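Participant: Just so you know, the protein sequences line up as chains Y and L, in that order.
Quick note: to get this note's numbering, add 1224 to the position in the first sequence (first position is 1).
Quick note: to get this note's numbering, add 23 to the position in the second sequence (first position is 1).
Glycine is no exception: its CB is placed at the ideal position from the N, C-alpha and C atoms.
Predicted model only: the values in this text are computed from it and were never measured.
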Amino acid sequence: SAVISQKPSRDICQRGTSLTIQCQVDSQVTMMFWYRQQPGQSLTLIATANQGSEATYESGFVIDKFPISRPNLTFSTLTVSNMSPEDSSIYLCSVDKGQGGEQYFGPGTRLTVT
Amino acid sequence: DAKTTQPTSMDCAEGRAANLPCNHSTISGNEYVYWYRQIHSQGPQYIIHGLKNNETNEMASLIITEDRKSSTLILPHATLRDTAVYYCIVSLAANAGKSTFGDGTTLTVKP
């Protein structure tokens, strides 16, 4: 298994600003994943972050809006740039640490953009 | 990843078994069935996964049909704390981190 922490747990931000979310894992992992969960909806994968290479973004998500860093095997950040109210969501990071590919998720960052 | 179909919602009496079905008729031979749950305002929690055989752990049992086109997650003695959205996902193990989450089943355990 894996223990994952995220900072901040929640934030209220003004439109046009940016927020960087941190994700820390208690052990080294190859890939980390960032998801978004909009109010009342299911999870949507934003991107996959590998250490030492650029993140791979899913359709509908771009690096300019959601830049990701992965400086080492236990840490990643997701920045939500130039925020609008539509970016109000829970942002979650995860890792597939399990031997069978099972995922472990962080507690999420609840972002409200006003 | 194969698509899954789950009922939108289910109720269960506290102390009784909760049986959550999932259809995955297009599953391929190497794809696993994974179950997660998300309790309100928390990150999803891994429950169990399997390939062909039935699996059991301290949280739940997973029953996969012989043709692998459907499965059932069983919570043997549901408690109020099991109220959550339950997600059934089918994926290759190597791609499990890039899972497609559907709408899941909202399980409400009632006293």
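1) Can the beta-carbon of Ser1283(Y) be found less than 9 Å from the beta-carbon of Ile1292(Y)?
2) Go ahead and pull the three-state DSSP assignment for Lys133(L).
3) What residues from chain Y crowd round Gln29(L), counting only those whose CB sits closer than 7 Å?
4) Given that Gly120(L) touches chain Y, what residues does it touch there, using C-beta distances under 9 Å?
5) For Pro1309(Y), does the three-state DSSP call read helix, strand or coil?
6) Name the DSSP beta bridge partners of His72(L), please?
7) Given this structure, state the Cα-to-Cα distance separating Ser1308(Y) from Asp1288(Y), to the nearest angstrom.
8) Is Arg104(L) helix, strand or coil by DSSP?
9) Using a Cβ-Cβ cutoff of less than 6 Å, which residues in the same chain neighbour Ser48(L) once the five nearest sequence positions on both sides are dropped?
10) Please confirm whether Ile1228(Y) has its beta-carbon closer than 9 Å to some beta-carbon of chain L.
11) Pick helix, strand or coil for Asn77(L), following the three-state DSSP scheme.
12) Strictly below 7 Å CB to CB, what residues from chain Y border Tyr55(L)?
13) Identify, in the order they occur along the chain, each residue of the same chain with its Cβ nearer than 7 Å to the Cβ of Thr106(L), setting aside the five sequence neighbours on each side.
14) For Arg1294(Y) and Ala1279(Y), which I take to be in contact (beta-carbon distance under 8 Å), what is that distance rounded to the nearest angstrom?
15) Quick check: is the beta carbon of Pro67(L) nearer than 9 Å to any beta carbon in chain Y?
16) In chain L, which residues lie with their C-beta within 8 Å of the C-beta of Gly1330(Y)?
17) CB-CB under 7 Å to Gln1252(Y), same chain, minus the five flanking residues each way: which ones, in chain order?
18) Closest by CA to Gly73(L), which one among Lys121(L), Gly52(L), Thr128(L)?
Facilitator: Per the coordinate set shown:
1) It is not a contact, given that the beta carbons lie outside the stated cut-off.
2) Collapsing the DSSP output to three states places Lys133(L) in a strand.
3) Contact annotation for Gln29(L) against chain Y: no contact, minimum CB-CB distance about 11 Å [criterion: below 7 Å].
4) Residues of chain Y passing the Cβ test: Met1255, Met1256, Phe1257, Leu1269, Thr1272, Ser1318, Val1319, Asp1320, Gly1325, Gln1327.
5) DSSP places Pro1309(Y) in the helix class (H, G or I) of the three-state scheme.
6) According to DSSP, His72(L) bridges with Tyr57(L).
7) If I take the Cα positions, the gap works out to 14 Å.
8) In the structure shown, Arg104(L) sits in a helix (DSSP, three-state: H, G or I).
9) If we look at Ser48(L) and ignore the five residues flanking it on each side, its Cβ neighbours are Lys92.
10) Output row for Ile1228(Y): interface = yes.
11) In the structure shown, the three-state DSSP call for Asn77(L) is coil.
12) Against chain Y, a Cβ distance below 7 Å from Tyr55(L) picks out Gly1324, Gly1325.
13) Answer for Thr106(L): Leu130, Thr131, Val132, listed in chain order.
14) Sure, about 7 Å apart at Cβ, within 8 Å.
15) Judged by the 9 Å Cβ criterion, Pro67(L) is in contact with chain Y.
16) Within chain L, the residues Gly66 have their CB atoms less than 8 Å from the CB of Gly1330(Y), given in chain order.
17) Take Gln1252(Y), set aside five residues on each side of it, and the residues of its chain with a beta-carbon closer than 7 Å to its own are Leu1297, Thr1298, in chain order.
18) It is Gly52(L).
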